[in-house]
Amino acid sequence: KQEVTQIPAALSVPEGENLVLNCSFTDSAIYNLQWFRQDPGKGLTSLLLIQSSQREQTSGRLNASLDKSSGRSTLYIAASQPGDSATYLCADTGFQKLVFGTGTRLLVSP
Amino acid sequence: NAGVTQTPKFQVLKTGQSMTLQCAQDMNHEYMSWYRQDPGMGLRLIHYSVGAGITDQGEVPNGYNVSRSTTEDFPLRLLSAAPSQTSVYFCASSLGPGEGETQYFGPGTRLLVL
Chain X
14 KQEVTQIPAA LSVPEGENLV LNCSFTDSAI YNLQWFRQDP GKGLTSLLLI QSSQREQTSG
74 RLNASLDKSS GRSTLYIAAS QPGDSATYLC ADTGFQKLVF GTGTRLLVSP
Chain C
3 NAGVTQTPKF QVLKTGQSMT LQCAQDMNHE YMSWYRQDPG MGLRLIHYSV GAGITDQGEV
63 PNGYNVSRST TEDFPLRLLS AAPSQTSVYF CASSLGPGEG ETQYFGPGTR LLVL
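Protein chains in written order, with this note's numbering: chain X, 14 to 123; chain C, 3 to 116.
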């Protein structure tokens, strides 16, 4: 059974800093890896989807990588802004049955 | 496109009451699913559907029923609400494998069972 872990549970950084969020999974036969953002009291917004045949995806200031052999994915956020403050979730999309990590709560201070 | 919509946004039930959480999408997605989100446990899959007339159980299906009579709608029924079903419920949809698996989520329904 796939298990997804995100450490740390919370992270606080000053504005402008580059940062990395980590996502670990136990089953290297991961299907695809998707990163989401969740604002307080809101639904999930998809950020990036990395298919199993890919190693990374980029969108604006965001870059996500996938290393199946080591069981890790990372989300790199460049030049962080206060508007990036949210909870970030990763998930194995496993044939439409997502397995989520518990998330990293990010606070970017002005 | 409205995307994925959910109603109601918030609901309070008494133990033993029944209700239906509504979910609809206007993106012609074949795949739809329901998740619940609880503090410290993340999101867990309740039920999912790969097309009209086809549903299956997820990780935590007990106490919930689903049906999929149309491509657009995927309601979740609580038969006899229990305090353990207090949670935030999210509906999601996607095109399906091979055509872009990006999952799109609704805004959620907050349910409190007293």
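All C-beta atoms, glycine included, are put in the ideal place defined by N, C-alpha and C.
- Selection X:T87, X:S65, X:L61 evaluated against X:T71 yields X:L61 as nearest (Cα-Cα).
- Within the same chain, and ignoring the five residues on either side of X:T87 in sequence, the residues whose Cβ sits closer than 8 angstroms to its Cβ are V33, L34, N35, C36, A77, S78.
- Within the segment 68–95 of chain C, the complete beta strand (DSSP E) runs of at least 3 residues fall at 78–80.
- The shortest CA-to-CA distance from C:Y50 to any of C:C93, C:G18, C:D28 is the one to C:C93.
- Contacts with chain X at 7 angstroms (Cβ-Cβ) do not include C:G53.
- The C-alpha of C:L78 is placed about 6 angstroms away from the C-alpha of C:T22.
- With a cutoff of 7 angstroms on beta-carbon distance, X:N45 and X:Q15 are scored as not near each other.
- When C-beta distances to chain X are compared with 9 angstroms, the residues of the segment 96–111 of chain C below that value are S96, G98, P99, G102, E103, T104, Q105, Y106, F107, G108, P109, G110, in chain order.
- Closer than 7 angstroms to the CB of C:L45 there is at least one CB belonging to chain X.
- Boundaries cannot be given for X:R68, as no beta strand (DSSP E) includes it and DSSP labels it neither H nor E.
- In chain order, Q109, K110, L111 make up the part of chain X whose C-beta sits under 8 angstroms from the C-beta of C:S35.
- For X:T115, the nearest CB of chain C lies under 7 angstroms from its own CB, placing it at the interface with that chain.
- Not flagged as an interface residue toward chain C: X:T39, since no C-beta distance is shorter than 7 angstroms.
- With its beta carbon less than 7 angstroms from one in chain C, X:L57 belongs to the interface.
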